[in-house]
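Structure first, commentary second.
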Amino acid sequence: MTLQIELSGVNKYYGAFHALKNINLSIKKGTFVALVGPSGCGKSTLLRSLAGLETISAGDMRIAGTLMNGVPPRKRDVAMVFQSYALYPHMTVEENLTYSLRMRGVAKAEARRAAEEVAATTGLSKLMKRYPRELSGGQRQRVAMSRAIIRNPQAFLFDEPLSNLDAALRVHMRKEIRALHDRLHATSVYVTHDQIEAMTMADHVVVMRDGVIEQQGTPLELYDRPVNRFVAGFIGSPAMNFIPATVSPDGASLLLQFGEGEPQQSIRAPATLPPGKHVIVGIRPEHIRPAAAEGAALALPVSAVETTGSATFLTTGTSTELVIAVQGRSAVKAGEIIGLDINPADMHLFDEATGIGLARQ
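For the sequence shown, the numbering used here assigns the number 595 to the initial residue and increments by one for each residue that follows.
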């Protein structure tokens, strides 16, 4: 599969502020890539740099093999879909779709034919004579996507396109966007702060923080093998639990500390580590199973029970809380002490000082 987008050593400064730090990223043709991270991590700056709306300070940026450094946005052959839709309010849906083609000298009849074809694909055929003010949020977003599709670009760039929609519509639209990507065999770069969107939509996820790519890979690679504590805590919902621990004198166990002044609890270590080493144990809520407290290696009081119907979330511990995700319903009540069954193979270990993941056996 050929490369469609290639970034090599890309840096971006705003004065003294270093917004993008030595970004290296290769995107294969036909791939859906999500850039995800907290606000201010640089994901939108990277997308805007791809579109030519920002000028990079150093490095190379190629689209379809052509160097794009200094190339203006209109000559990059990419189409951007914004959070705010960016529709012309005084134009109908049809006019919004045909406008870019008319500006490029395409005949009126041909532009209309192209608009009708795209509208049939995106479910807008019956809305062509309406104005943006007469459309719902989801319909406006489909118009924005259709306007990008009609250009037949080398790549689609999505800048948090679903942020303005309610929760139910976001779920529906993310399926629509992914289905559209598959039908068009497109190359898509999608910016979001929502890791659920990234995990459910993308072939390849890029996690960013402070202008740096922390980790990239398939959604399950990031879920199963996070390289550091930041990625581990950012990917997955509910978030991973983190517990301070010390390796036992024989190196075979981890002494977990759930609160200052509380007795340490011991659990078998998933790897041989130097005795006395301070680590952070990571365990996902769905990998903890409630058990009888009597005879359990690990037992904690339940402080809260949250039921959604399809799942139950138990919060345990005191100073250091652990969240347990149980499929379906649970008979456990707040105030009870329960045992926790944790398979060492499901545990992640991170260096206490650096947050870097430690190898598991």
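We put the beta carbon where it would ideally sit given N, CA and C, even for glycine.
Does DSSP put Ser913 in a helix, in a strand, or in coil? As a first step, residue 913 must be located in the sequence shown, where it is residue number 319. Coil at Ser913, not helix or strand.
Relative to the alpha-carbon of Ile950, which residue among Pro820, Ile936, Ser633, Asp788 has its alpha-carbon at the smallest distance? Within the sequence shown, the letter at position 356 stands for residue 950. When each option's Cα is compared against that of Ile950, the closest is Pro820.
Residue nearest to Lys623 in terms of C-alpha spacing, selected from Pro843, Leu778, Gln789: Working through the sequence shown from its first residue, we reach residue 623 at position 29. The option with the nearest alpha carbon to Lys623 is Leu778.
Measuring CA to CA, which of Val800, Gly870, Tyr679 is closest to Leu814? Here residue 814 refers to the residue found at position 220 of the sequence shown. With distances taken between Cα atoms, Leu814 lies closest to Val800.
Where His775 sits in the DSSP three-state scheme: What you label residue 775 is simply residue 181 of the sequence shown in a count that begins at 1. His775 falls in the helix class under three-state DSSP.
Would you check if there are 3 or more beta carbon pairs closer than 8 Å linking the segment 666 to 685 to the segment 739 to 754? Yes, they touch.
Between the beta-carbon of Ala613 and the beta-carbon of Gly805, is there less than 7 Å? Indexing the sequence shown from 1 puts residue 613 at position 19. Indexing the sequence shown from 1 puts residue 805 at position 211. Yes, these two residues count as a Cβ contact at 7 Å.
Skipping 5 residues on each side, what residues in its chain have a beta carbon closer than 7 Å to that of Ala898? Within the sequence shown, numbered from 1, the residue matching residue 898 stands at position 304. Excluding residues within five positions, the ones whose Cβ falls inside 7 Å are Thr909, Ala928.
Would you kindly report the start and end of the unbroken alpha helix (DSSP H) that includes Asp818? For the purposes of this step, residue 818 is taken as the residue at position 224 of the sequence shown. Run containing Asp818: 813 to 818, per the alpha helix (DSSP H) assignment.
What distance in whole Å lies between the Cβ atoms of Asp654 and Ser602, which are believed to be in contact at a cut-off of 8 Å? As a first step, residue 602 must be located in the sequence shown, where it is residue number 8. As a first step, residue 654 must be located in the sequence shown, where it is residue number 60. Sure, about 5 Å apart at Cβ, within 8 Å.
Taking three-plus beta-carbon pairs below 8 Å as touching, is the segment 913 to 928 in contact with the segment 869 to 876? Result no; under three Cβ-Cβ pairs closer than 8 Å.
Between the segment 654 to 666 and the segment 825 to 840, are three or more C-beta pairs nearer than 8 Å? no
Decide if Asp753 is buried, meaning its Cβ has at least 16 other Cβ atoms within 10 Å, or exposed. Residue mapping note: residue 753 aligns to position 159 of the sequence shown, counting from 1. Buried, because 16 or more other Cβ atoms sit within 10 Å of the Cβ of Asp753.
Note down the Cα distance separating Leu774 from Thr716, rounded to an integer number of angstroms. Stepping through the sequence shown from its first residue, residue 774 is reached at position 180. Stepping through the sequence shown from its first residue, residue 716 is reached at position 122. Those two C-alpha atoms are separated by around 8 Å.
In chain order, what residues of the same chain lie with their CB nearer than 6 Å to the CB of Leu894, ignoring the 5 residues before and after it? The sequence position of residue 894 within the sequence shown is 300, counting from 1. Thr910, Gly911.
Three-way DSSP call (helix, strand, coil) for Thr596 in this model: As a first step, residue 596 must be located in the sequence shown, where it is residue number 2. In this structure, Thr596 counts as coil in the three-state DSSP scheme.
Going by Cα to Cα distance, which pick from Phe944, Ala939, Glu648, Phe852 is closest to Gly827? In the sequence shown, counting from the first residue as 1, residue 827 sits at position 233. Among Phe944, Ala939, Glu648, Phe852, the Cα nearest to that of Gly827 belongs to Phe944.
Span separating the alpha-carbon of Thr948 from that of Leu681: Indexing the sequence shown from 1 puts residue 948 at position 354. Indexing the sequence shown from 1 puts residue 681 at position 87. Approximately 46 Å between the Cα atoms of the pair.
Is the distance from the Cβ of Arg696 to the Cβ of Ala705 below 7 Å? Here the question's residue 696 lines up with position 102 in the sequence shown. Here the question's residue 705 lines up with position 111 in the sequence shown. Yes, the Cβ-Cβ distance between Arg696 and Ala705 is below 7 Å.
Which runs of the beta strand (DSSP E), 3 residues or longer, sit entirely within the segment 799 to 875? 806 to 811, 835 to 841, 847 to 850, 859 to 862
Relative to the C-alpha of Pro632, which candidate in Arg642, Glu710, Asp788, Met767 has its C-alpha closest? Within the sequence shown, the letter at position 38 stands for residue 632. It is Asp788 whose Cα lies nearest to the Cα of Pro632.
Note the first and the last residue of the continuous beta strand (DSSP E) segment covering Val675. Taking the sequence shown and counting its residues from 1, one reaches residue 675 at position 81. Note, Val675: beta strand (DSSP E), 672 to 675.
Whose CA, out of Leu629, Glu791, Phe750, lies closest to the CA of Leu763? Mapped onto the sequence shown, residue 763 falls at position 169. Out of Leu629, Glu791, Phe750, Glu791 has the C-alpha closest to the C-alpha of Leu763.
Within this structure, are the beta carbons of Ile975 and Pro879 separated by less than 7 Å? In the structure displayed, the chain extends from 595 to 955; residue 975 sits before or after that span and is not available.
Cutoff 6 Å; reference Asp935; Cβ partners in own chain excluding five residues on either side: What you label residue 935 is simply residue 341 of the sequence shown in a count that begins at 1. Same-chain partners within the cutoff: Arg883, Ala885.
If you run the structure through DSSP and keep just helix, strand and coil, what is Asn605? For the purposes of this step, residue 605 is taken as residue 11 along the sequence shown, with counting starting at 1. In the structure shown, Asn605 sits in a strand (DSSP, three-state: E or B).
At which residues does the beta strand (DSSP E) containing Thr786 begin and terminate? Against the sequence shown, residue 786 aligns to sequence position 192. First-last of the beta strand (DSSP E) with Thr786: 782 to 786.
Name the one or two DSSP bridge partners that Arg656 has. Within the sequence shown, numbered from 1, the residue matching residue 656 stands at position 62. Per DSSP, Glu600, Leu661.
In the structure shown, what three-state DSSP assignment does Ile650 receive? Here residue 650 corresponds to residue number 56 of the sequence shown, with the count starting at 1. Here Ile650 sits in coil by DSSP.
Could you give the distance in angstroms between the alpha-carbon of Gly889 and the alpha-carbon of Gln809? Counted from its first residue, the sequence shown places residue 889 at position 295. Counted from its first residue, the sequence shown places residue 809 at position 215. Rounded to the nearest angstrom, the two C-alpha atoms are 40 Å apart.
Per DSSP, Ser719 is paired with what? Here residue 719 corresponds to residue number 125 of the sequence shown, with the count starting at 1. None; Ser719 has no bridge partner.
How about Gln677 and Ser757: are their beta carbons less than 7 Å apart? Looking up residue 677 in the sequence shown gives position 83. Looking up residue 757 in the sequence shown gives position 163. Yes; because the gap between Cβ atoms is below 7 Å, this pair is in contact.
Do Cys635 and Met802 have their C-beta atoms within less than 7 Å of each other? As a position in the sequence shown, residue 635 is number 41, starting the count at 1. As a position in the sequence shown, residue 802 is number 208, starting the count at 1. Against a cut-off of 7 Å, the Cβ pair of Met802 and Cys635 comes out as a contact.
Return the first residue and the last residue of the beta strand (DSSP E) that Gly933 is part of. Within the sequence shown, the letter at position 339 stands for residue 933. That run of the beta strand (DSSP E) goes 931 to 936.
What residue does the beta strand (DSSP E) around Asn618 start on, and which one ends it? Start at 1 with the first residue of the sequence shown, and residue 618 comes out as number 24. Run containing Asn618: 611 to 622, per the beta strand (DSSP E) assignment.
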